[in-house]
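Sequential numbering of the sequence shown, starting at 1240, is according to the numbering used here.
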Amino acid sequence: MTLSTSRLVIEDPSWVLNPITEVKEVKHALILSSDGMVIGATEGLLREAAEGISAMTAALHGAARAAANAALDAPDGTPITTITVQNAHGTYMIMPAGARTNTFIAVAGGLDMPMGVVAHVMARQATKLGEQLMSVPARTQGAS
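In structure tokens form, the structure reads like this:
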């Protein structure tokens, strides 16, 4: 899928996702905006599934941030760094791509997925994506 935001268009998001999906037991990964729009996804993830997962992930992120900030008595705008959800079928991890990008990377994996390795690779790729997103100048109206 094409990676696109209001500030950036990248035709091939594989440079972000491939290093993550090379980790043992990772099933699929996607890049999404904070409002639940799919920005990029691994090839094996069908578009309809990616759109549904992306929308639910945005809602999960918002709820987790609100709950964590309330439980930790943190200011409302305090960001969270990682969300990890596990069930009998595997693990789902969500991580922001930079501090001010409103973009996230999400990864789903099996029961034997090495979470520490995946978290490390996700953090590295999130940093690269965040730097890429922040390095693109903002569009201006009427610019030639």
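Every residue gets a Cβ at the ideal spot worked out from N, C-alpha and C, and that includes glycine.
Counting along the chain, the unbroken beta strand (DSSP E) around V1277 starts and ends at 1277-1280.
CA-to-CA, the gap between A1268 and L1372 works out to about 18 Å. DSSP, reduced to helix, strand and coil, places M1352 outside both helices and strands of the structure shown, so it counts as coil. Contact between A1365 and I1344 holds: CB atoms are separated by about 5 Å, below the 8 Å threshold. Nearest to T1320 by C-alpha distance, out of R1304, K1367, A1327, A1310, is R1304. Judged by DSSP secondary structure, N1257 falls within the alpha helix (DSSP H) whose first and last residues are 1253-1260.
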